[in-house]
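Trainee: Residue numbers (the numbering used here), protein chains in the order written: chain A, 1 to 317; chain B, 318 to 719. Glycine included, C-beta positions come from ideal geometry on N, C-alpha and C. Below are the structure tokens for one structure; questions will follow.
Written as structure tokens, this is what we have:
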């Protein structure tokens, strides 16, 4: 946490962020960036010299959950992470100010192709490499969309073979950014799950069948209770993953991220089910969150990551 | 009761890091190899060995951390309680033989007991001079204690008790029973409940052991036929004792056995070490599906650790714990049960020619799997916990809103 947070609590900042997130929702990316930057959100962890608020990641985590709950379909977390990681460089100030847009291709390029959840007509792309990461210009690169999972915001395969490099991160810097990214995206999907639980609880308390609200049925109540259980466990794991261990070392954020994604998928799928036929429609907005979470799962290579976590533990045991 | 220190610096004067180091080094130096479930020297400890070990742990400042000094405790905070639990979780030591006293009877006596009762009972719980059993459940009153039938009626300045208890853990070795009775009739439901500390040597008490799924005789039926106890055996007034117990138990559910996620991790490590000790078995760990499961388990362990630590922070900040204990009990029991299933699956590959450590691990996890069946039943079943979360945390309506 920042040493100069002026007594502000993460939850208070998240609440203050809510109107800006709501206003940015559904806007074109450049407009959303400007709105979120004006609210200080893109630069929440950026240095003050870069126009940021220099707050710690626990504040960004609270904002990430708020963004997930508000179904913000704009890569706010990438802006937060890039504006912090490139501290002192021109691009950090431009991203914090909402003047430039960046996205992160978490898995790195394979055969010159980089997968992005949504490139949002961005200016720069961070491409992890074996040794760290390269920041490249987006302009002029060929993009192949795969729109089936998310027609409104298709995943993109970006050909980065001929990209122009304009910056880089060291291995250590990229490791820090990856840890922060796992925690924040874990927060985002957890926010999405919290919203799904809230929508489901409200709907099932109001939906009357057989003369009583559906929330009176034990099977339904227990599904909702399990959603709450998983939500609180995700929150606990994520908050802990950002705190240093007893020896002052950073913790592994991967298990918390993976748990949060798995819990959020279960919650969204169950929420859609509990909404009945309505849940299957485009009109009930739960599907946006499900698409987002599945894209995040893919972007981080969650299946491979889980096996890697296990392998590391097995080796150390 | 004076605590006999086994360390040069008083516990209260230790900084958290010093206390952690003290706990870690004391356990490493003092836990006998035959009490470590991950040691090939392991053997089932006799009751006297468990009692002696736990009494030593207490004298070393690793039990009764938060109990007041005047009642034999160490007068520390929940922060030290958590530190000790993390270190206790890091070694494969036996479960406490005196858990009912330390986790249930003690806190309830602390809440509602008279000063004489506190002085008489509490220190002896920590030294394990007195063992306790829990007399709540009955054949017709499991999750629903409103159906309790065991009755206490005034008798000659004291009380006459008649009834039957079941699933009474440790009844055959207990010195006292924390007994829940009713003074009225079953129609009174939760009203008129009265709690007692009943010496198990009292005439009219009969213990019939029950063999459990893991082959052990860990609980019993207990019959009370015209058992006469003095009024001094009463814990609180009618209703008062039980109402306080409900409050105490909601806190205890969140703070008891905080070592669980750390022990869970230690068990996982022990399982892996056992398999890795034999090349024929080590290859099982290359399987992608096994690694997926282990990755999941690690995420669950991290969540539980975070939840426990968060609960301690909230309690230290003076927050109400509410139904939070239901979340941790439910999550831990289901995750641990699933882990025990994975472990059983893996140790099924151990043969008589496997390494000694692998065979030790097979024996441990086979028993652990069977015992884990109880984890979603005791201390409030899974379904009861889900009901509590739906009712008290989510506040889901059961009827039409006006």
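How about residue 337 of chain B: is its C-beta nearer than 8 Å to some C-beta of chain A?
Mentor: It does; some Cβ of chain A falls within 8 Å.
Trainee: Quick one: what does DSSP say residue 272 of chain A is sitting in, helix, strand or coil?
Mentor: Helix at residue 272 of chain A.
Trainee: Pick from B:672, B:481 and B:448: whose alpha carbon is nearest that of residue 594 of chain B?
Mentor: That would be B:672, whose Cα lies nearest to the Cα of residue 594 of chain B.
Trainee: Answer yes or no: do residue 408 of chain B and residue 486 of chain B have a C-beta to C-beta separation smaller than 8 Å?
Mentor: No, Cβ-Cβ distance for residue 408 of chain B and residue 486 of chain B is not below 8 Å.
Trainee: According to DSSP, which residues form a beta bridge with residue 144 of chain A?
Mentor: DSSP output for residue 144 of chain A lists A:157 as bridge partner(s).
Trainee: When the Cα atoms are used, what is the spatial distance from residue 238 of chain A to residue 305 of chain A?
Mentor: Approximately 16 Å, taken between the alpha carbons.
Trainee: Grab me the residues of residue 274 of chain A's own chain with a C-beta within less than 7 Å of its C-beta, minus the 5 sequence neighbours each way, in chain order.
Mentor: 200, 204, 220 and 223, listed in sequence order.
Trainee: Apart from the five residues just before and just after residue 104 of chain A, which ones in its own chain have a Cβ nearer than 6 Å to its Cβ?
Mentor: Closer than 6 Å at the Cβ level, and outside the excluded window around residue 104 of chain A, lie 78 and 126.
Trainee: Quick check on residue 65 of chain A - is its C-beta less than 8 Å from some C-beta in chain B?
Mentor: Closer than 8 Å: no.
Trainee: Is the stretch 572-590 of chain B touching the stretch 511-524 of chain B in the sense that three or more CB pairs, one from each, lie closer than 8 Å?
Mentor: No, the stretch 511-524 of chain B does not touch the stretch 572-590 of chain B.
Trainee: Under 8 Å, Cβ to Cβ, is there at least one residue of chain B near residue 232 of chain A?
Mentor: Answer yes: the Cβ-Cβ gap between residue 232 of chain A and chain B drops below 8 Å somewhere.
Trainee: When the cut-off is 8 Å and only beta carbons count, does residue 28 of chain A lie next to chain B?
Mentor: No, its Cβ sits nowhere closer than 8 Å to a Cβ of chain B.
Trainee: Closer than 7 Å between beta carbons: that is the criterion. Which residues of the stretch 593-609 of chain B meet it against chain A?
Mentor: Those would be 593, 602, 605, 608 and 609, in chain order.
Trainee: Closer than 9 Å by beta-carbon distance: list the chain B residues that pair up with residue 295 of chain A, in chain order.
Mentor: Within chain B, no residue comes near residue 295 of chain A; the closest Cβ sits about 20 Å away, beyond 9 Å.
Trainee: Quick one: which residues of the stretch 256-267 of chain A get their C-beta closer than 9 Å to a C-beta of chain B? List them in chain order.
Mentor: Against chain B - using a Cβ distance shorter than 9 Å - the residues of the stretch 256-267 of chain A are 256, 257, 258, 259, 260, 262 and 263.
Trainee: For residue 224 of chain A, go through chain B and note every residue whose CB falls closer than 8 Å to its CB, in chain order.
Mentor: The answer, in chain order, is 707, 711 and 713.
Trainee: Starting from residue 455 of chain B, follow its DSSP beta bridges and name the residues at the other end.
Mentor: Its beta-bridge partners are B:458.
Trainee: Of all Cβ atoms in chain A, is any one closer than 8 Å to the Cβ of residue 624 of chain B?
Mentor: It does: the Cβ of residue 624 of chain B has a partner Cβ on chain A nearer than 8 Å.
Trainee: Decide if the stretch 383-393 of chain B is in contact with the stretch 346-354 of chain B; the criterion is three or more beta carbon pairs, one per stretch, under 8 Å apart.
Mentor: No: the two stretches stay apart, fewer than three of their Cβ pairs being nearer than 8 Å.
Trainee: For the stretch 564-590 of chain B, list every residue whose C-beta sits within 7 Å of some C-beta in chain D, in sequence order.
Mentor: Among the protein chains in the structure shown, which are A and B, there is no chain D.
Trainee: Quick one: any contact between the stretch 642-658 of chain B and the stretch 688-696 of chain B, if contact means 3 or more CB pairs under 8 Å?
Mentor: Judged by Cβ distances under 8 Å, the stretch 642-658 of chain B makes contact with the stretch 688-696 of chain B, as three or more pairs qualify.
Trainee: Please classify residue 564 of chain B as buried or exposed, where buried requires at least 16 other C-beta atoms within 10 Å of its C-beta.
Mentor: That one is exposed.
Trainee: Taking C-beta to C-beta, are residue 44 of chain A and residue 80 of chain A nearer than 8 Å?
Mentor: In this structure, residue 80 of chain A lies closer than 8 Å to residue 44 of chain A by Cβ.
Trainee: For residue 270 of chain A, go through chain B and note every residue whose CB falls closer than 9 Å to its CB, in chain order.
Mentor: The premise fails here: residue 270 of chain A is roughly 14 Å from chain B at the closest Cβ pair, so nothing lies under 9 Å.
Trainee: For chain A, find out if any of its Cβ atoms is closer than 8 Å to the Cβ of residue 717 of chain B; answer yes or no.
Mentor: Judged by the 8 Å Cβ criterion, residue 717 of chain B is in contact with chain A.
Trainee: Among the candidates A:253, A:260 and A:149, whose CA atom is the shortest distance from the CA of residue 231 of chain A?
Mentor: Ranking A:253, A:260 and A:149 by Cα distance to residue 231 of chain A puts A:260 first.
Trainee: Which of the three DSSP states, helix, strand or coil, is assigned to residue 579 of chain B?
Mentor: Helix.
Trainee: By Cβ distance below 8 Å, which residues in the same chain neighbour residue 213 of chain A in space, the five residues on each side in sequence not counted?
Mentor: Once the five neighbours on either side are set aside, the close Cβ partners of residue 213 of chain A are 204, 205, 206 and 207.
Trainee: Could you give the residue range of the alpha helix (DSSP H) that holds residue 233 of chain A?
Mentor: Here the alpha helix (DSSP H) through residue 233 of chain A covers 218-242.
Trainee: Out of curiosity, what's the CA-to-CA distance linking residue 498 of chain B and residue 717 of chain B?
Mentor: Near 36 Å, if we compare the C-alpha coordinates of residue 717 of chain B and residue 498 of chain B.
Trainee: How would you call residue 307 of chain A, buried or exposed, if buried means at least 16 neighbouring beta carbons within 10 angstroms?
Mentor: It is buried - the Cβ of residue 307 of chain A has at least 16 other Cβ atoms within 10 Å.
Trainee: Do we get a CB-CB distance below 8 Å when we pair residue 461 of chain B with the residues of chain A?
Mentor: Taking Cβ atoms only, chain A never reaches closer than 8 Å to residue 461 of chain B, which makes this a no.
Trainee: Run through DSSP, which three-state label would residue 53 of chain A get?
Mentor: Note: residue 53 of chain A maps to coil in three-state DSSP.
Trainee: Residues of chain B with a CB under 8 Å from the CB of residue 212 of chain A: which are they?
Mentor: Within 8 Å Cβ-Cβ: 715, 716 and 717.
Trainee: Taking CB distances under 8 Å as the criterion, tell me whether residue 393 of chain B reaches chain A.
Mentor: Not one chain A Cβ lies under 8 Å of residue 393 of chain B.
Trainee: For the stretch 633-677 of chain B, list the alpha helix (DSSP H) runs that are entirely contained and at least 4 residues long, ordered along the chain.
Mentor: Within the stretch 633-677 of chain B, the complete alpha helix (DSSP H) runs of at least 4 residues are 641-664.
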